[in-house]
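*Asks:* If you're matching positions, the sequence shown starts at 727 in the numbering used here and goes up one per residue.
Supplied in structure tokens, the structure appears directly below.
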Amino acid sequence: MSGTGTNAEALFRYHAGHPECRFVPALIVTDAPEHSRARELAAAWNIPLVEHDIRAFYAARGETAISLVSERRRAIRSEWTEALRELVLPWKIDFGVLAGFVPLCNITADLPCLNVHPGDLTVETGGRRILAGLHFKPVETAILAGHPALRSSVILAQPFEGSGEAEMDSGPVLGVSRPMPVELCGESPEALAAIQAGRSRAPYRDRLREVAAHNLERLKLCGDHVVFPRVADDFAAGRFGLDGGRLCFREAGQWRPVRTVEYGEDGRRLLS
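Printed below as a string of structure tokens:
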């Protein structure tokens with residue numbers, strides 16, 4: 727985790743409230759010990775904490791920015807990731823959960839890592855996931871495309887190979903939350919599209935961003951916080967598998983091919 731840790735907290739609450747839960751929160755890892763709530767959550771939930779400050783790591787090597795735009799910064803990221811591997815190794819972790827963990831790194835090559843995303847990654851056009859992307863982008867894209875509802879997705883995160891945007895959010899979609907109706911906050915789709923067309927330079931502080939932020943916060947509560955812990959529970963129970971690249975789910979002792987699994991607070995539904 728890198729920030730407020732609300733997704734991590736949702737996992738901890740789920741574990742505490744479900745005696746049959748198959749995952750065990752074993753370790754909190756943060757790249758931002760001075761700015762995140764990692765220390766607070768580790769103390770509140772009595773979970774060990776590993777701090778690996780990425781900004782301090784870059785600064786010690788003479789870099790003020792932690793981006794990956796230069797060969798040197800990419801080399802530092804690899805060095806930082808290797809140090810992360812060494813820090814996590816003694817804990818013998820079975821799988822990781824990227825609960826708002828910001829730095830792009832290849833810890834995903836060492837152990838399975840689940841990641842939650844504010845968009846329905848099963849929606850594709852020409853084989854491309856149109857609701858991929860960071861921060862507000864998936865929600866804004868869905869709103870501008872006229873989607874009546876939003877979902878959160880949980881993917882099995884893939885190692886980063888440096889081939890660009892096509893890699894983003896590219897892992898198998900293990901689960902999605904139930905549809906949450908979009909709220910346009912009194913705006914029309916045409917007005918929001920006009921705002922988007924008139925944008926020139928980020929960061930954007932316009933009405934479209936306000937509407938997206940409103941829906942993103944709602945989606946976190948009824949999407950992320952519902953689907954993320956339940957997918958983690960089923961993943962820990964060994965209910966997900968891949969058969970020749972196709973996602974399968976084990977239910978009542980039988981493996982079934984699925985497109986993904988839809989989760990609500992009262993249960994799950996297999997989607998084919």
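Ideal Cβ placement from N, Cα and C applies to all residues, glycine included.
Could you give the first and the last residue of the continuous alpha helix (DSSP H) run that contains V957?
*Replies:* 951-962 is the extent of the alpha helix (DSSP H) around V957.
*Asks:* For G743, is the classification buried or exposed, using 16 other Cβ atoms within 10 angstroms of its Cβ as the cut-off for buried?
*Replies:* Under this definition G743 is an exposed residue.
*Asks:* Measuring alpha carbon to alpha carbon, tell me which of R800, G853, W806 ends up nearest A782.
*Replies:* Minimum Cα distance to A782 is reached at W806.
*Asks:* Where DSSP assigns a beta bridge to S903, which residues make up the other side?
*Replies:* BP columns for S903 point to Y989.
*Asks:* Spatial neighbours of A758 within its chain, please: CB distance less than 8 Å, with the 5 preceding and 5 following residues excluded, ordered by chain position.
*Replies:* Contacts found: S728, G729, A764, D779, I780, R781, V828.
*Asks:* Look up Q980 in the DSSP assignment and say whether it is helix, strand or coil.
*Replies:* Strand.
*Asks:* What runs of the alpha helix (DSSP H), each 4 residues or longer, lie entirely inside the region 739-824?
*Replies:* Listed in chain order, they are 764-771, 780-785, 797-814.
*Asks:* With DSSP as the reference, label R931 as helix, strand or coil.
*Replies:* DSSP places R931 in coil when its eight states are reduced to three.
*Asks:* Taking the alpha-carbon positions, what's the A835 to R811 distance?
*Replies:* Straight-line Cα distance between these residues: approximately 10 Å.
*Asks:* Within 10 Å of its beta-carbon, does P816 have 16 or more other beta-carbons around it, so buried, or fewer, so exposed?
*Replies:* Its Cβ having fewer than 16 others within 10 Å, P816 is exposed.
*Asks:* With 16 as the cutoff for other CB atoms within 10 Å, does V953 come out buried or exposed?
*Replies:* Burial call: buried.
*Asks:* Do you know how far the Cα of L942 is from the Cα of P745?
*Replies:* So the alpha carbons of these two residues sit roughly 30 Å apart.
*Asks:* Rounded C-beta distance between C839 and A883? I'm assuming under 8 Å.
*Replies:* Confirmed, Cβ separation roughly 5 Å.
*Asks:* How do the region 784-797 and the region 921-934 stand: do at least 3 beta-carbon pairs fall below 8 Å, yes or no?
*Replies:* Contact fails: fewer than three Cβ-Cβ distances are below 8 Å.
*Asks:* Give the DSSP-derived three-state secondary structure of V908 in the structure shown.
*Replies:* The answer is coil: DSSP assigns V908 none of H, G, I, E or B.
*Asks:* Taking all protein chains shown into account, do 16 or more other C-beta atoms lie within 10 angstroms of the C-beta of G890, making it buried, or fewer, making it exposed?
*Replies:* Residue confidence for G890 is low, a pLDDT of 48 falling below 50, so the modelled location carries little weight; the figure read from the coordinates is stated next. With fewer than 16 other Cβ atoms within 10 Å, it is exposed.
*Asks:* Tell me whether C974 sits in a helix, a strand or coil according to DSSP, three-state version.
*Replies:* Of the three classes helix, strand and coil, the one that applies to C974 here is strand, per DSSP.
*Asks:* Looking only at C-alpha atoms, which of R976, F749, E991, L996 sits nearest to R985?
*Replies:* For R985, the nearest C-alpha among the options comes from L996.
*Asks:* By the three-class DSSP mapping on this structure, what secondary structure does T730 have?
*Replies:* The answer is coil: DSSP assigns T730 none of H, G, I, E or B.
*Asks:* State whether the region 849-866 contacts the region 745-754, with contact taken as three or more CB pairs (one from each stretch) at a distance under 8 Å.
*Replies:* Taking 8 Å as the limit for Cβ pairs, the verdict is that the region 745-754 does not touch the region 849-866.
*Asks:* If we ignore side chains and look at the alpha-carbon of each, how far apart do G912 and A939 end up?
*Replies:* Roughly 14 Å between the two C-alpha positions.
*Asks:* Rounded C-beta distance between G845 and V865? I'm assuming under 8 Å.
*Replies:* That pair is a contact at about 7 Å.
*Asks:* Starting from I881, trace the beta strand (DSSP E) in both directions and tell me its first and last residue.
*Replies:* 879-882 is the span of the beta strand (DSSP E), which, as asked, contains I881.
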